[in-house]
Amino acid sequence: MNQYLNIAIEAAIEAGNEIINVYNSSDFDIELKSDNSPLTRADIAAHKTIVARLEKTPYPILSEEGKDIEYSIRKNWETFWMVDPLDGTKEFIKRNDEFTVNIALIKNNTPILGVVYVPVSGILFFADKNGAFKSGKNIYSDKIKLPIEEQHDNYRVVGSRSHMSPDTEEYIKNIDSKGKPLEMVSKGSSLKICMVAEGKADIYPRLGPTMEWDTAAGHAIALFAGKKVTIYPTNAPLKYNKENLLNPYFIVS
């Protein structure tokens with residue numbers, strides 16, 4: 091498994107470098123996809139970089155920027171890569187630095203490996219059966235095992251910076267804050283899941299639309315940090331490679 095984790099880390103960092111090259115330029119070359127979500131040249135460059143790395147492994151790849159693979163083919167995949175080359179394109183366009191590269195390895199509908207890379211800061215989250223970790227530029231010597239025990243007086247709820255839904259807002263109004271004052275924290279991309287995995291937030295409720303590639307890598311980080319990612323309101327585990335790649339509502343806690 092370490093071999094595949096190393097490949098995913100290298101792919102994420104290389105893709106992050108491609109993203110930063112575009113981020114530091116004056117031309118994002120923004121297009122609108124069929125669902126009106128934005129697409130930039132950074133998304134495309136990151137996708138190509140990741141695919142070039144991962145296609146050398148035995149496993150097929152499902153990427154946001156190459157997602158048109160029929161379910162009749164996908165349903166036979168036991169193990170495959172799930173990729174979001176640039177998670178948080180809206181944050182990228184806003185230049186608020188809160189975007190990530192997400193790579194997960196899925197086996198039997200569950201993430202077994204995940205990498206979340208933050209190109210601007212160089213922060214890396216990665217996880218497999220050996221645990222979840224956060225590191226800086228010296229990946230293995232700097233790594234810290236998650237979760238990090240952090241004392242905070244408030245009950246921290248992390249939510250989307252760009253996609254807060256009315257259902258999520260209603261859920262937060264009725265949340266059990268364990269007797270602590272409620273504190274809202276806004277973040278972009280898969281950093282929300284990573285905040286819970288890290289211990290910097292107590293819960294991330296997402297009662298709004300996301301796609302499987304938005305969550306798979308962060309799900310792995312949370313899972314191997316001892317956290318739960320469950321469907322709301324059934325508490326069943328979030329699964330991957332469904333016929334419809336839209337996620338149900340979920341809670342990370």
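In terms of the working numbering, the sequence shown opens at residue 91 and continues consecutively. Note that CB positions come from ideal geometry on N, CA and C, so glycine has one too. The structure displayed is predicted, hence computed values, not measured ones.
In the three-state reduction of the DSSP assignment, residue 189 falls in the coil class, being assigned neither a helical nor a strand state.
Under the three-state reduction of DSSP output, residue 291 falls in the coil class, being neither helix nor strand. DSSP lists 277 as the bridge partner or partners of residue 250. Looking at the DSSP output, residue 296 sits in a beta bridge with 340.
Within the same chain, and ignoring the five residues on either side of residue 170 in sequence, the residues whose Cβ sits closer than 8 Å to its Cβ are 149, 150, 151, 152, 164, 195, 196 and 331.
Uninterrupted alpha helix (DSSP H) stretches at least 4 residues long and entirely within the region 120-183 occur at 131-144 and 161-164, given in chain order.
Rounded to the nearest whole angstrom, the CA to CA distance from residue 317 to residue 294 is 11 Å. In the structure shown, residue 238 falls within a coil segment according to DSSP collapsed to helix, strand and coil.
About 16 Å separates the CB atoms of residue 103 and residue 217; that is not less than 8 Å, and the two are not in contact.
Judged by DSSP in its simplified three-state form, residue 99 adopts helix. Here the region 319-327 does not lie against the region 214-228, with fewer than 3 beta-carbon pairs under 8 Å apart.
Measuring C-alpha to C-alpha distances from residue 226 to each of 241, 238 and 209 identifies 209 as the nearest.
The three-state secondary structure of residue 197, taken from DSSP, is strand. Per DSSP, the continuous beta strand (DSSP E) segment holding residue 221 begins and ends at 221-225. For residue 324, there is no enclosing alpha helix (DSSP H), as DSSP marks it with neither H nor E. Counting C-beta atoms within 10 angstroms of its own C-beta, residue 231 has fewer than 16 neighbours from the protein chains shown and is therefore classed as exposed. Counting only residues of its own chain and dropping the five nearest sequence neighbours on each side, residue 117 has a CB closer than 8 Å to the CB of 131. Counted as a single uninterrupted DSSP element, the stretch harbouring residue 313 is not any beta strand (DSSP E) but the alpha helix (DSSP H) occupying residues 302-314.
CA-CA distance, residue 213 to residue 238, rounds to 15 Å.
For residue 265, there is no enclosing alpha helix (DSSP H), since its DSSP letter is neither H nor E. Secondary structure of residue 106 (DSSP, three-state): helix. DSSP, read as helix, strand or coil, puts residue 257 in helix.
DSSP, reduced to helix, strand and coil, places residue 202 within a strand of the structure shown. For residue 210, the secondary structure class from DSSP, reduced to helix, strand or coil, is coil. Under DSSP, residue 215 forms a beta bridge with 206 and 224.
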